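My numbering numbers the first residue of the sequence shown as 851 and each following residue consecutively.
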Amino acid sequence: MEGNKMKLSRRTFLKNTTKIGLAASFPTIISSCALSRKGRIAPSDRVNIGIISCGNRSGVTLDYKEYPKSQVIAVCDPVKERRLKRKKQFGNCADYSDFRELLVREDVDAVHISTADHWHVPISLAAARAGKDMYTEKPLGISVEQCLAAREIANKHKRIFQYGTQNRSMIQVKMGIELVLNGHIGDVKELYVWCPPGESGGSMTPELPVPEGFDYDLWLGPAPEAPFCKDRCLTQTHRNGIFHIYDYAIGFIAGWGAHPVDQLQWWADNVGLKMPVTYEGTGTIPKTGLFNTLTNWDMTCTYENGLKLKFLDDTTARKEKKIPGIEDMKFSHGTLFVGEKGWIAVSRSSWKVFPESLYKKGKSPGDIRLIASKNHRHDFIDAVLKRRKPISDLESAVRSDIICHLSDISIRTGRKITWDPVQETIVDDAEANRMMSRPMREPWTL
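Given below as structure tokens:
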């Protein structure tokens, strides 16, 4: 269905939905004319996808094109050049500037959200209220409040939610964590997580005119008004500054940290651990330049049972040799489990066991087997069709993302903070509690 054939005009729709919270809920319909490239597929076995944002992270959406159970019928981006490029790759599909026009379509079953971080949760909430299932890129939100809101609304509307931590769909990650779960290193005594550091610098000058076909007001959305400049806005051809500006993100501590922290959470969920309850550490925030998220950090997070998690950036970890065996590891991000007998490090590129004698090939009766997925996008489609939990579920996403947020808050306040896992709030610290939420520019709300 092309944009000019919608029953509800763009002008009328936008007039009636000036706030995300007013998005209407619509039934899910799978097109009866869907035809697979490998033969005819029953309508009930085909998911119609809408792509929301066609920038850097949307390249993975081409996986839907090659999967017989899915088809992309609409793309959306406030930058015309980007959406038309992606539209061309998908062939005959509709394109929109405003995501709300896409969400009102009854024939869109699910959406893939690959926007800048500050849009992840607001659009996810709008999608859930419109009756759409969603694949949302990491990190989840730019505040603890947003993470909790995403869980509440998605669960309320019974939506399938796949978190974009695709490491869970990589065999080496699955194998490494299964080795830990099946006791190859004995009881786990220490935990380490590390990822690439953030960036400093960036400039607001020169201020540039907004290019034709670039809806800058919608691009900013709930973020504060700000001058248009290349380090903020032109992420396709310049630095990805939007990942290092606090108005739109909390930086690589979550943007990159989401992957190794999620690997940790996959293990933790399977041994009955939820989240650490205390957070204490140090970090560096640039004092000059446009980029103002953490560049380096060294956190100690402690669980209720006393187990400690060290969360660091790769530069700090290597410079101070704070992770066992880090000097011999070629990967700049990973999760390391230290046990009674040795350790296992897991990353998307490899996994490493020390001593090597701890690794025994083959499986034993009764071994724990994690859910298997060969492709993260395809797993999402299968979850939508079967109405089952996807490999990277929302509850796990909320926990891992909040670990990143509480680490950031601890560093920014300069003190230890305590998390109440029952009330899901920071204990006895008014300033830190205020930092659990972010203001939103009108008319946008959660």
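Just so it is clear, CB atoms sit at the ideal spot from N, CA and C, and this is done for glycine as well.
It should be emphasised that the depicted structure is a prediction, and the values quoted were computed from it without experimental measurement.
Buried/exposed call for residue 1214, threshold 16 Cβ in 10 Å | In the sequence shown, residue 1214 corresponds to position 364, counting from 1. Exposed, because fewer than 16 other Cβ atoms sit within 10 Å of the Cβ of residue 1214.
Considering only residues of the same chain and omitting the five flanking positions on each side of residue 940, which have a CB-CB separation below 7 Å?
-> Along the sequence shown, read from residue 1 onward, the residue named residue 940 stands at position 90. Counting only Cβ-Cβ distances below 7 Å, and skipping sequence neighbours, we find 915, 922 and 925.
Have a look at residue 1164 and residue 933 and give me their C-alpha separation to the nearest angstrom.
-> To locate residue 1164, count along the sequence shown from 1; it is residue 314. To locate residue 933, count along the sequence shown from 1; it is residue 83. Roughly 35 Å between the two C-alpha positions.
Of the listed residues 907, 909, 910 and 920, nearest to residue 896 (C-alpha basis) | For this step, residue 896 is matched to residue 46 along the sequence shown. With distances taken between Cα atoms, residue 896 lies closest to 920.
Nearest neighbour of residue 970, chosen from 999, 1189, 1131 and 1219 [CA to CA] | On the sequence shown, residue 970 is found 120 positions in, with the first residue counted as 1. That would be 999, whose Cα lies nearest to the Cα of residue 970.
Exposed or buried, which one is residue 1244 when buried takes at least 16 other CB atoms within 10 Å?
-> On the sequence shown, residue 1244 is found 394 positions in, with the first residue counted as 1. Classification for residue 1244: buried.
Could you name the residues of the same chain whose beta carbon sits closer than 8 Å to that of residue 1296, not counting the 5 residues immediately before and after it, in chain order?
-> Translated into the one-based positions of the sequence shown, residue 1296 becomes position 446. Same-chain partners within the cutoff: 870, 871, 971, 972, 975, 995, 996, 999 and 1290.
Where residue 1013 sits in the DSSP three-state scheme = In the sequence shown, counting from the first residue as 1, residue 1013 sits at position 163. The answer is strand: DSSP assigns residue 1013 an E or B state.
Identify which residue in 979, 1029 and 1102 has its Cα closest to the Cα of residue 1204.
-> One-based indexing of the sequence shown puts residue 1204 at position 354. Ranking the options by Cα distance to residue 1204, first place goes to 1029.
Have a look at 1277, 1032, 931 and 992 and flag the residue whose alpha-carbon is nearest the alpha-carbon of residue 1212.
-> What you label residue 1212 is simply residue 362 of the sequence shown in a count that begins at 1. Among 1277, 1032, 931 and 992, the Cα nearest to that of residue 1212 belongs to 1032.
Please determine, among 1115, 1273 and 907, the residue with the shortest C-alpha to C-alpha distance to residue 927.
-> Translated into the one-based positions of the sequence shown, residue 927 becomes position 77. That would be 907, whose Cα lies nearest to the Cα of residue 927.
Buried or exposed (CB count within 10 angstroms, at least 16 for buried), residue 1297 | What is shown of the chain runs 851 to 1296, which leaves residue 1297 out entirely.
Where are the beta strand (DSSP E) runs, 3 residues long or more, that stay fully inside the segment 966–1014, in chain order?
-> 983–986 and 1011–1013
Member of 1207, 1246 and 1140 whose CA lies at the smallest distance from the CA of residue 1108 = For the purposes of this step, residue 1108 is taken as residue 258 along the sequence shown, with counting starting at 1. Nearest of 1207, 1246 and 1140 to residue 1108, Cα basis: 1246.
Between which two residues does the alpha helix (DSSP H) carrying residue 1252 extend?
-> Counting from 1 along the sequence shown, the entry for residue 1252 is found at position 402. 1244–1263 is the extent of the alpha helix (DSSP H) around residue 1252.
Cβ neighbours of residue 1077 in the same chain (closer than 6 Å, five flanking residues each side left out) | Translated into the one-based positions of the sequence shown, residue 1077 becomes position 227. Excluding residues within five positions, the ones whose Cβ falls inside 6 Å are 1054 and 1057.
Residue 1152 lies in the beta strand (DSSP E); which residues open and close that run?
-> Within the sequence shown, the letter at position 302 stands for residue 1152. Residues 1146–1152.
Given 8 Å as the limit, is there contact between the segment 1117–1134 and the segment 1260–1271, that is, 3 or more CB pairs closer than that?
-> yes
DSSP three-state call for residue 879: helix, strand or coil?
-> Your numbering for residue 879 matches position 29 in the sequence shown. In this prediction, residue 879 scores a pLDDT of 36, lower than 50, which makes its location untrustworthy; no coordinate-derived value is stated.
Going by the beta-carbon positions, is the gap between residue 1018 and residue 984 smaller than 8 Å?
-> Locating residue 1018 in the sequence shown gives position 168, where the first residue counts as 1. Locating residue 984 in the sequence shown gives position 134, where the first residue counts as 1. Result no, Cβ atoms of residue 1018 and residue 984 do not sit closer than 8 Å.
Can you round the beta-carbon distance between residue 989 and residue 1146 to whole angstroms, since I take them to be within the 8 Å contact cut?
-> Translated into the one-based positions of the sequence shown, residue 989 becomes position 139. Translated into the one-based positions of the sequence shown, residue 1146 becomes position 296. That pair is no contact at about 18 Å.
Determine the contact status of residue 1113 and residue 1196, defining contact as a CB-CB distance below 8 Å.
-> Along the sequence shown, one-based indexing puts residue 1113 at 263. Along the sequence shown, one-based indexing puts residue 1196 at 346. Yes.
Short check: CB of residue 1027 to CB of residue 1190, under 8 Å?
-> Position 177 of the sequence shown, counted from the first residue, corresponds to residue 1027. Position 340 of the sequence shown, counted from the first residue, corresponds to residue 1190. For residue 1027 and residue 1190, no; Cβs fall outside 8 Å.
In terms of DSSP beta bridges, what is residue 922 paired with?
-> Mapped onto the sequence shown, residue 922 falls at position 72. DSSP, once it has assigned bridges, lists 899 as partnering residue 922.
For residue 910, collect the residues of the same chain with a Cβ closer than 7 Å to its Cβ; drop the 5 residues on either side in sequence, then sort them by chain order.
-> Residue 910 sits at position 60 when you count from the first residue of the sequence shown. Correct list, in chain order: 1227.
Sheet register partners of residue 1211 (DSSP bridge) = Your numbering for residue 1211 matches position 361 in the sequence shown. Partner(s): none; residue 1211 has no beta bridge.
Keeping to the same chain, check which residues put their C-beta closer than 7 Å to that of residue 1282; ignore five residues upstream and five downstream.
-> Counting from one through the sequence shown, the residue named residue 1282 turns up at place 432. Counting only Cβ-Cβ distances below 7 Å, and skipping sequence neighbours, we find 1259, 1263, 1267 and 1276.
With burial defined as no fewer than 16 other Cβ atoms inside 10 Å of the residue's Cβ, what is the status of residue 1091: buried or exposed?
-> Indexing the sequence shown from 1 puts residue 1091 at position 241. Its Cβ being crowded by 16 or more others within 10 Å, residue 1091 is buried.
Can you check whether the CB of residue 1071 is closer than 8 Å to the CB of residue 931?
-> Counting from 1 along the sequence shown, the entry for residue 931 is found at position 81. Counting from 1 along the sequence shown, the entry for residue 1071 is found at position 221. It is not a contact, given that the beta carbons lie outside the stated cut-off.
What does DSSP give as the partner residues of residue 1096 in its beta bridges?
-> The residue you call residue 1096 lines up with position 246 of the sequence shown. DSSP, once it has assigned bridges, lists no residue as partnering residue 1096.
Residue 1204 - DSSP class collapsed to helix/strand/coil = The residue given as residue 1204 occupies position 354 in the sequence shown. Strand at residue 1204.
Roughly how many angstroms separate the alpha carbons of residue 1172 and residue 1186, rounded to a whole number?
-> One-based indexing of the sequence shown puts residue 1172 at position 322. One-based indexing of the sequence shown puts residue 1186 at position 336. Residue 1172 and residue 1186: Cα-Cα distance of roughly 12 Å.
Run through DSSP, which three-state label would residue 937 get?
-> Taking the first residue of the sequence shown as 1, we reach residue 937 at position 87. If DSSP states are grouped into helix, strand and coil, residue 937 belongs with the helices.
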